[in-house]
Amino acid sequence: SFDMSLRKVSTTTASNDATVDITGIDTDDNYMLTITNLVPASDGAQLRGRVLKSGSAQTGASYDYASEEIKAHTAFGATSGENYTYFRFEVNVGSATGEMANGILYLMNFNSSSDYDFISTEWAFKNNGNNTYGNTGGGVHTVTSASNGIQFYFSTGNISTGTFTLYKITGA
2 SFDMSLRKVS
12 TTTASNDATV
22 DITGIDTDDN
32 YMLTITNLVP
42 ASDGAQLRGR
52 VLKSGSAQTG
62 ASYDYASEEI
72 KAHTAFGATS
82 GENYTYFRFE
92 VNVGSATGEM
102 ANGILYLMNF
112 NSSSDYDFIS
122 TEWAFKNNGN
132 NTYGNTGGGV
142 HTVTSASNGI
152 QFYFSTGNIS
162 TGTFTLYKIT
172 GA
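Quick note: the sequence shown uses this note's numbering, first residue 2, plus one each step.
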């Protein structure tokens with residue numbers, strides 16, 4: 002029989018924070034992270050992330066990413082990059098009323114000391130031009146050592162608001 006479930010690990014709420022650290026990854030299970038009502042303090046800021054190893058953000062040039070921007074107001078757009086010092090999420094969020102991001106991320110191999118950390122992402126957001134976007138993509142941190150979480154921050158300014166809920170996926 003197939004008996005998959007989500008077990009809530011933690012919820013973190015941002016309130017004008019420079020960074021938000023999500024920890025609690027301590028098994029070889031895959032994890033799901035939901036992010037809701039994410040708003041930057043600075044208009045048009047780009048969301049970024051880094052893996053945490055023993056609670057410390059990894060800043061080396063070991064992040065690769067690719068995504069597809071799904072836009073109603075103009076043509077779709079593919080983006081990618083290699084050897085960044087952060088996960089570049091193509092989520093450029095506005096700070097005006099109604100402009101925010103919501104996302105679901107899947108975190109795979111984070112607890113493994115012999116595999117790369119992989120993420121897949123799904124986003125819906127309004128940018129600083131009040132345009133609605135969807136974005137789907139993923140990334141890899143090309144270092145083989147165990148990670149216990151992920152950090153989020155914006156390219157400029159603080160995280161004004163946002164709720165981050167980490168779930169362990171069991172029974173898959």
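Where a beta carbon is used, it is the ideal one built from N, C-alpha and C, also for glycine.
DSSP on T133, reduced to helix/strand/coil? strand
Any chain C beta carbon closer than 8 Å to G135: As a matter of chain content, chain C is missing from the structure shown, which is built from one protein chain.
Check this for me: beta carbons of N128 and G45, under 8 Å apart or not? yes
For F77, three-class secondary structure by DSSP: DSSP, read as helix, strand or coil, puts F77 in coil.
Between the Cα of D18 and those of T28, S43, N31, K9, spot the shortest distance and give me the residue it belongs to. S43
For I23 versus L7, is the C-beta spacing smaller than 8 Å? No. Outside cutoff.
Cutting at 6 Å between CB atoms, please list the residues of its own chain near T80, excluding the five before and the five after it. S68, E91
What is the DSSP secondary structure of G140, counted as helix, strand or coil? Three-state result, G140: strand.
Among G140, V141, A125, which residue has its Cα nearest to the Cα of Y134? A125
Among G172, Y168, T162, S156, which one has its Cα closest to the Cα of S16? The candidate whose alpha carbon is nearest that of S16 is T162.
Does S115 pass the burial test, meaning 16 or more other C-beta atoms within 10 Å, or should it be called exposed? exposed
CA-to-CA distance, E123 to I170, given in whole angstroms: 17 Å
List the endpoints of the continuous beta strand (DSSP E) containing N31. 31-41
Contact defined as beta carbons within less than 8 Å: I believe F165 pairs with I36. What is the distance between those atoms, to the nearest angstrom? 5 Å
Ordered along the chain, which non-local residues of its own chain (more than five positions away) have a Cβ less than 6 Å from that of Y85? Apart from sequence neighbours up to five positions away, the residues of its chain that approach Y85 with a beta-carbon distance below 6 Å are Y64, ordered along the chain.
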